[in-house]
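S.K.:
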């Protein structure tokens, strides 16, 4: 079973911004089992700026995550960024997106558009 603890934040002002922040927990076979095959904790953050046309979704595994044995830690994360049309959006980025698992290599350079 997946347990999810989340909070939704909406900021009003000159623009509207939305944030969703959560921690998802999974224990296999279950949380009450004395012996676990896996324990996964995933932190999730979503932020949308409706004035500047940006959306980001990011997730990161907690250091408490493991598989097979508590000393066998899972690591990693993901990110999805998307740019959409909005009042103050950078028009050169509209409809672009980037998705990554594990992050970028330190030598990666953003290509010229």
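In the working numbering, the protein residues as written are -2 to 110. By construction, the Cβ of each residue, glycine as well, lies at the ideal position given by its N, Cα and C atoms. Please read all numbers here as calculations on a predicted model, not as lab measurements.
For residue 57, which three-state DSSP category applies?
M.R.: Three-state DSSP puts residue 57 in a strand.
S.K.: With DSSP collapsed to three states, give me the class of residue 104.
M.R.: Coil.
S.K.: Determine the burial state of residue 87: buried for a count of at least 16 other Cβ atoms within 10 Å of its Cβ, exposed for fewer.
M.R.: Answer is exposed; the Cβ neighbour count stays below 16.
S.K.: Given this structure, state the Cα-to-Cα distance separating residue -1 from residue 34, to the nearest angstrom.
M.R.: If you take the alpha carbons of residue -1 and residue 34, they lie about 15 Å apart.
S.K.: When DSSP labels each residue in this structure, what does residue 15 get in the three-state scheme?
M.R.: Here residue 15 sits in strand by DSSP.
S.K.: Have a look at residue 2 and residue 55 and give me their C-alpha separation to the nearest angstrom.
M.R.: Their backbone Cα atoms lie some 16 Å apart in a straight line.
S.K.: Over what stretch of residues does the beta strand (DSSP E) that includes residue 87 continue unbroken?
M.R.: Counting along the chain, residue 87 falls outside any beta strand (DSSP E), and DSSP gives it neither H nor E.
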